[in-house]
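Taking this note's numbering, the leading residue of the sequence shown gets 14, the next gets one more, and so forth.
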Amino acid sequence: MTARIVGAELERMAAESSPETRSIIVELEAPAPRVELETSGGAARLKRVVARAVDERETLKQRLAEASAFLEDLVGRPPVVLEAAHAVVTRVTGAQLRVVAAQRFAREIRENKVRG
């Protein structure tokens, strides 16, 4: 499986093996949150988000640790881990971006844009 690279600039960078670097957010494969809905007057609304099971939380933590270690080896510095978002942030070249996109842990890759 190849992760979806979001955005024309990142796609171009990967296709051309560009030597420029960009900060990226790598969203990891993770099960969707489970929610309970209730119906009132024909409309559904959120009742609550079901807490993840302990083993599921441990699996996600392990996946984050594995992705972090892989990216540190690839780019030479530790990524920023966004545990609650099941994502990591790092800086890569075009060739490195292609390598990251080919990893099983990566679901989607997008540019980490600074707003301000």
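Glycine included, every Cβ here is placed at the ideal spot set by N, Cα and C.
Run through the DSSP bridge pairs and tell me what residue i is partnered with.
i	result
Glu96	Glu96 pairs with nothing; no bridge assigned.
Ala57	Thr52
Leu77	Per DSSP, none; premise fails for Leu77.
Glu40	Ala100, Glu121
Given a cut-off of 8 angstroms, decide if residue j and residue i are closer than it, judged by their beta-carbon atoms.
i	j	result
Ala28	Arg120	no
Leu77	Val94	yes
Val101	Asn125	no
Pro87	Val127	Looking at the sequence provided, one finds Leu at residue 87 rather than Pro. No, the pair does not count as a contact, with Cβ atoms beyond the cut-off.
Ala43	Leu50	no
Arg104	Arg35	yes
Leu41	Ala97	no
Glu24	Thr106	no
So residue i is in the alpha helix (DSSP H); what residue range does that whole segment cover?
i	result
Arg111	107–114
Ala28	21–29
Between which two residues does the beta strand (DSSP E) containing residue i stretch?
i	result
Ala119	119–124
Report the three-state DSSP secondary structure of residue i (helix, strand or coil).
i	result
Val127	coil
Arg90	coil
Thr72	helix
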